[in-house]
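Chemist: Residue numbers (this note's numbering): 50 to 298.
(1) For the stretch 235-255 and the stretch 193-210, state whether three or more C-beta atom pairs, one from each stretch, are separated by less than 8 Å.
(2) Closer than 7 Å to a non-hydrogen atom of the ligand NAD - does that hold for the CB of residue 105?
(3) Could you give the distance in angstroms between the alpha-carbon of residue 140 and the alpha-carbon of residue 111?
(4) Thinking C-alpha only, which one of 159, 64, 59 is nearest residue 91?
(5) What is the rounded straight-line gap between the Cα of residue 289 and the Cα of residue 149?
(6) The alpha helix (DSSP H) spanning residue 61 covers which residue range?
(7) With a Cβ-Cβ cutoff of 8 Å, do residue 192 and residue 214 count as a contact?
(8) Straight-line CA distance for residue 223 to residue 95?
(9) Based on Cα-Cα distance, which residue from 76, 85, 78, 93 lies nearest to residue 57?
(10) Looking at C-beta atoms only, is the number of pairs between the stretch 126-144 and the stretch 169-184 that lie closer than 8 Å three or more?
(11) Measuring straight from C-alpha to C-alpha, what distance separates residue 168 and residue 137?
(12) Could you tell me whether the stretch 97-104 touches the stretch 193-203, using the rule of 3 or more Cβ pairs below 8 Å?
(13) What is the DSSP secondary structure of residue 171, reduced to helix, strand or coil?
(14) Locate the alpha helix (DSSP H) running through residue 104, then write down its first and last residues.
(15) Taking just the CA atoms, how far does residue 257 sit from residue 275?
(16) Using alpha carbons as the reference points, say which of 241, 54, 151 lies closest to residue 130.
Have a look at this one:
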């Protein structure tokens, strides 16, 4: 069996990525890496025929394998294809979402010192939370000077105002694989643990659906804001793992 891995341009793998996205059927956290030039695409051929592709990060972070896909009929050869991709691309690390079986299997076969980077969330429950005295509305330029300092997330396009004071902001990012959008939020330090974050997430979810997007999210292991996600119906669905390439698999 002759396996060849070639560095190519993004258009050479773009069509095949639709199969990858359909098979994943979930939010792919680093889906935009190719389009943003943050990952280098590689075409994989077996006995001269197209068999799959992969992506290796070049900036954030460099030399990490972030994407791998084989056509269904080539799946029995996924292991050798993956290892050849690692070698040609000179990858030092690999990542995988636990809700994407092929990538997860390859990570466990070819990596060591595996750790969790982020927890992934998917919308599972429709909630009916109520925020007494709360006003959920779009953020305006006039609001920005008076909004509390954010430490984890950007100031959102939507905010929650209670008795004239902005207590939380949030929104969603839409550069993920369609139809998924990534919900984010932050609550002012003095106003935390009062239910404001959960209510804000609930309302941002509603805006997501109205925009034709399916809400999802991710957070660091030490981010307590994840409690707001779960109370608003976004429940853990997986993790993104990263490991070092095993030099002797």
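Even glycine gets a Cβ: it sits at the ideal position worked out from N, Cα and C.
Modeler: Walking through what the data contain:
(1) yes
(2) In the structure on display, the ligand NAD does not appear, and there are no ligands present to speak of.
(3) 8 Å
(4) 59
(5) 10 Å
(6) 60-73
(7) no
(8) 35 Å
(9) 93
(10) no
(11) 30 Å
(12) no
(13) strand
(14) Taken as a continuous stretch (DSSP letters only), residue 104 belongs to no alpha helix (DSSP H), being part of the beta strand (DSSP E) at 98-106.
(15) 18 Å
(16) 54
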